[in-house]
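Asks: Reading the sequence shown from the start, the letters are residues 0 to 199 in numbering that gives the first Met the number 0.
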Amino acid sequence: MIYEGPDQQQFSYIASILAQALASGARCAYLNSPDLVFTFRAYLGHAGIDVDAEIRKGTLILSSERAHLANGRFNASLMLDSLAVMCTQAEADGFQKLFVTGDMTWEFGARQNFTELLAYERGLERLFTQFPILHGICQYHKDTLPTSALRDALCTHQTVYLNQTLFRLNPYFDAAADTAKSSPIPTDIKDLLDRFRQHH
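#1: Hey, is the stretch 24–43 in contact with the stretch 55–73, meaning 3+ C-beta pairs nearer than 8 angstroms?
#2: Let me make sure I understand the geometry here. Which of Leu97, Phe98, Glu120 has the alpha-carbon closest to that of Phe107?
#3: For Phe10, does the count of other Cβ atoms within 10 angstroms reach 16, so buried, or fall short, so exposed?
#4: Thinking C-alpha only, which one of His67, Met103, Ala83 is nearest Leu97?
#5: Is Ala66 closer than 7 angstroms to Ser15 when the C-beta atoms are compared?
#6: Tell me whether Gly57 is buried or exposed, calling it buried when 16 or more other Cβ atoms sit within 10 Å of its Cβ.
#7: Rounded to the nearest angstrom, how far is the Cβ of Leu116 from that of Asp142, given a contact under 8 angstroms?
#8: Run through DSSP, which three-state label would Ile60 get?
#9: For Asp49, which residues from the same chain have a beta carbon less than 7 angstroms from its beta carbon, with the 5 sequence-adjacent residues on both sides left out?
#10: Measure the alpha-carbon distance for His156 versus Phe127 and round it to whole angstroms.
#11: Do Tyr160 and Leu149 have their beta-carbon atoms positioned less than 7 angstroms apart in this structure?
#12: Looking at the secondary structure, which residues open and close the beta strand (DSSP E) in which Phe94 lies?
#13: Which class does Gln138 belong to by DSSP, given the choice of helix, strand or coil?
#14: Can you give me the C-alpha to C-alpha distance between Thr178 and Pro5, rounded to a whole angstrom?
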């Protein structure tokens, strides 16, 4: 998901997705800063979720932990390992689906090191294959992330959400690319987003 404007702009949509996932029997995890996790709880309530009850049951995880940061820098291996542990635990607890969503600005930490973004997203694709239980949405805030990060995101995701609109096929997805630099992705992200909207 690539979104613009205030962080809360996409909260209602994400909350509705989590509500559907919980209703289907999935375990759901939402990752963001402490302030935004606190705010997001209200949106979950508006979506009909009893947040405290779901947390007690172990079906809902709201977290601001960033154990995947090494000396303040994003570490792809640590993040992938933590997701693998979540998948294994969800399977052991009897869940058939684990839905995880997090804001990439928060996940990458204050030092904003995006050199491992491609490695992480490629590893995530392999994780989806290894654990069919895993589903999720990576949230990219256009206003707070560099153009290079958005280009890498488009290079590595088969499906793209623009705010609350789903594009099932991403024409810029390249499963084999090691870098987005040589891809045909427009360098002007505004132009790119406009093209997506026109396509829709």
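Think of the CB as a built atom: it goes at the ideal place given N, C-alpha and C, for glycine as much as any other residue.
Predicted model, so just to flag it, every value in this text is computed and none were measured.
Replies: Quick answer:
#1: Contact holds: three or more Cβ-Cβ distances are below 8 angstroms.
#2: Glu120
#3: buried
#4: Ala83
#5: Not closer than 7 angstroms, so no.
#6: Label assigned to Gly57: exposed.
#7: Going by Cβ atoms, the distance from Leu116 to Asp142 rounds to 17 angstroms, so no, they are not a contact pair.
#8: strand
#9: none
#10: 12 angstroms
#11: no
#12: That residue, Phe94, is in no beta strand (DSSP E); it is neither H nor E in DSSP.
#13: strand
#14: Residue placement at Thr178 is flagged as unreliable, the pLDDT there being 47, under the threshold of 50; the coordinate-derived value follows with that caveat. Straight-line Cα distance between these residues: approximately 29 angstroms.
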